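Protein chains: 2
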Amino acid sequence: MAAVPRAGLTTERLVRAGADLADEVGFDQVTVSALARRFDVKVASLYSHLKNSQDLRTRIALLALEELADRAADALAGRAGRDALAAFADVYRDYARAHPGRYAAARLRLDPETAAASAGVRQAQMMRAILRGYDLPEPDQTHAVRLLGSVFHGYVSLELAGGFSHSSPDPQDTWAWILDHLDTLLRGRPAS
Amino acid sequence: MAAVPRAGLTTERLVRAGADLADEVGFDQVTVSALARRFDVKVASLYSHLKNSQDLRTRIALLALEELADRAADALAGRAGRDALAAFADVYRDYARAHPGRYAAARLRLDPETAAASAGVRQAQMMRAILRGYDLPEPDQTHAVRLLGSVFHGYVSLELAGGFSHSSPDPQDTWAWILDHLDTLLRGRPAS
DNA sequence: GCGCTTTCCTAAAATTCTTAGGCAACCTCC
DNA sequence: GGAGGTTGCCTAAGAATTTTAGGAAAGCGC
């Protein structure tokens, strides 16, 4: 009898392949069936490694949050102030552009306890670390964390949705303008 | 024979009901089947009024964009400066909180020509009208349009995703803080 | 080699999306 | 008021996805 080689499925590999699939065809096109096809395996086989379709999506989201946090941590090393702010912001923007499916996954609504155990927490901590350089008293610091989160997510999200495409000025210039003004705002001094 | 009363389906009614459904169960749970159940009608019957499932979602998105633009236009009447800015921002936030499914629909990626014919264009025009009160030269005005869009969308989106829940300070305070600082930023003078 | 666990399978049910074609209700026009 | 055309909703059917249940075989430890 022909030996039937194992495909070597693991939750890890499935989630990573699911993330790649998301980047290629969009997060909401990620399906257990498509993933099975990619591994040339029957659909039911995946259910030994994944609880269900939602479980797959959640795991991709957690992977994306980890990757984002890792990159942010790297980018922040040795930086402070405006430098740190820009580095952090660029990580977000670059990640979203390079991995739109993963980025969309990271925006998935997680139930509170899953969210609390995710790398999203690390991201918030890094944001606070950046803001320490601006010496804001509470509750301003928290307000600022929320503002930065909103701007970064909002901008990246709109740019990804094609909101700024084919229009001048260059989105890159807007990005720099925004970072400049955020820096100024956090310093409490007027823009040039 | 028992008279079989017509359900009175129209594209209009279906889209409105679909939007309500989105608010109740989430935009991505909006399905042709669920909509048919709601009208107590067979699924295939909807295909006389809707091209397909994607068509339904697109129409809900366009409805939401119209509603948002209408509310924004109402809110802006007779206002200028910081007042107009806050009124516009509150329309977004309030709409998203009252109609989360519709708001999610409004974030749907539309193909460029559909987007160009949507009420999204009116929203951008209103944003520029608000900014005329701040007297910004180009390209700063465009940068500012993008910044405001990012902040409004980003904040509302994060708040809706539960990002600020159960944490102090009150999100309402953050919202006011952000609007204050945006106003200041646009004026080019330091915050108090 | 012998069992045990893991891995992947077949089979089957439920749900959704979509198209094709039919009958009956309604509107128009004589 | 009936004839004919149009519209509205139907039945039927196929394809895809999700999920569960249970089976066979591969590879591990002894």
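Protein chains in written order, with our numbering: chain A, 35 to 226; chain B, 35 to 226. Think of the CB as a built atom: it goes at the ideal place given N, C-alpha and C, for glycine as much as any other residue. Predicted model only: the values in this text are computed from it and were never measured.
Check: If you drop the 5 nearest sequence neighbours on each side, which residues of the same chain put their C-beta closer than 6 Å to that of B/A138?
Finding: Only residues of its own chain outside the window of five on either side were considered, and among them F61 have a CB closer than 6 Å to the CB of B/A138, listed in chain order.
Next item on the list: For A/Y168, return the contacting residues in chain B, with the cut-off set at a CB-CB distance below 7 Å.
Entry: Simply none; closest approach about 13 Å.
Next item on the list: Could you confirm whether any beta carbon from chain A is found closer than 9 Å to the beta carbon of B/F186?
Entry: Yes - at least one Cβ of chain A is within 9 Å of the one on B/F186.
Item checked: Assigned secondary structure, A/V75 (DSSP; H/G/I helix, E/B strand, else coil) -> Coil at A/V75, not helix or strand.
Next item on the list: Give the range of the alpha helix (DSSP H) segment to which B/F61 is assigned.
Entry: Looking at the DSSP string, B/F61 is not in any alpha helix (DSSP H), and its letter there is neither H nor E.
Next item on the list: Kindly say whether B/L219, judged by its beta-carbon, lies nearer than 9 Å to any beta-carbon of chain A.
Entry: B/L219 counts as touching chain A.
Checklist line | Residue-level contact to chain A via CB, B/S202, 9 Å cutoff | finding: By this cut-off, B/S202 is an interface position.
Next item on the list: Compute the Euclidean distance between the alpha carbons of A/L80 and A/V66, then round it to the nearest angstrom.
Entry: Looking at the two C-alpha atoms, the distance is approximately 7 Å.
Next item on the list: Inspect the beta-carbon positions of A/R141 and B/T208 and report whether they are closer than 9 Å.
Entry: Going by C-beta atoms, A/R141 is not nearer than 9 Å to B/T208.
Notebook entry, point to check: Which whole-angstrom value is the C-beta distance of A/T45 and A/T92, which I expect to be below 8 Å?
Noted result: That belief does not hold up - the Cβ atoms of A/T45 and A/T92 are roughly 12 Å apart, past 8 Å.
Next item on the list: Label A/H187 either buried or exposed according to how many other C-beta atoms from any shown protein chain fall within 10 Å of its C-beta, with 16 as the threshold for buried.
Entry: It is buried - the Cβ of A/H187 has at least 16 other Cβ atoms within 10 Å.
Note to self: Can you pull out the residues from the region 152–181 of chain A whose beta carbon lies closer than 7 Å to at least one beta carbon of chain B?
What the structure shows: Along the region 152–181 of chain A, going in chain order, the ones with a CB nearer than 7 Å to a CB of chain B are P173, T176, H177, R180, L181.
Checklist line | N-terminal and C-terminal residue of the alpha helix (DSSP H) that A/L194 is part of | finding: Residues 174–194.
Check: Which first and last residues belong to the alpha helix (DSSP H) in which B/Y81 is found?
Finding: Looking at the DSSP string, B/Y81 is not in any alpha helix (DSSP H), and its letter there is neither H nor E.
Check: Does B/D62 get closer than 9 Å to chain A when you measure Cβ to Cβ?
Finding: Chain A contact via Cβ: present.
Margin query: Which of the three DSSP states is assigned to B/G42 in this structure?
Written below: DSSP places B/G42 in coil when its eight states are reduced to three.
Checklist line | C-beta atoms of B/L194 and B/L182 nearer than 9 Å | finding: At a Cβ-Cβ threshold of 9 Å, B/L194 and B/L182 do not count as neighbours.
Note to self: Taking the straight line between their C-alpha atoms, what separation do you get for A/L84 and B/A103?
What the structure shows: When rounded, the distance between both Cα atoms is 43 Å.
Next item on the list: Give the interface partners of A/A195 over in chain B, defined as CB-CB distance under 8 Å, in chain order.
Entry: What A/A195 touches in chain B: R141, R143.
Check: Which residues, in chain order, does the region 86–117 of chain B contribute to contact with chain A at a C-beta distance below 9 Å?
Finding: Against chain A - using a Cβ distance shorter than 9 Å - the region 86–117 of chain B contributes no residues.
Note to self: So the candidates are B/R127, B/L220, B/I212; which of them puts its Cα closest to the Cα of A/P173?
What the structure shows: Distances from the CA of A/P173 to each of B/R127, B/L220, B/I212 were compared; the closest alpha carbon is that of B/I212.
Next item on the list: Can you tell me the Cβ-Cβ gap for B/L219 and A/L219, rounded? I've got them flagged as a contact below 8 Å.
Entry: Correct: roughly 5 Å between the Cβ atoms.
Item checked: Unbroken stretches of the alpha helix (DSSP H), 4 residues or longer, contained in the region 83–169 of chain B -> Listed in chain order, the complete alpha helix (DSSP H) runs (minimum 4 residues) inside the region 83–169 of chain B are 87–110, 115–132, 134–140, 146–150, 154–166.
Checklist line | Segment limits, alpha helix (DSSP H) that includes A/D214 | finding: Note, A/D214: alpha helix (DSSP H), 205–221.
Note to self: Please list, in chain order, the chain B residues whose beta carbon lies closer than 9 Å to that of A/S191.
What the structure shows: Residues of chain B with a Cβ closer than 9 Å to the Cβ of A/S191 are, in chain order, R141, S184, H187, G188, S191.
Notebook entry, point to check: Among A/A123, A/Q175, A/R136, which has the Cα closest to the Cα of A/V185?
Noted result: With distances taken between Cα atoms, A/V185 lies closest to A/A123.
Next item on the list: Have a look at B/A107 and A/L43 and give me their C-alpha separation to the nearest angstrom.
Entry: Whole-angstrom Cα-Cα distance: 55 Å.
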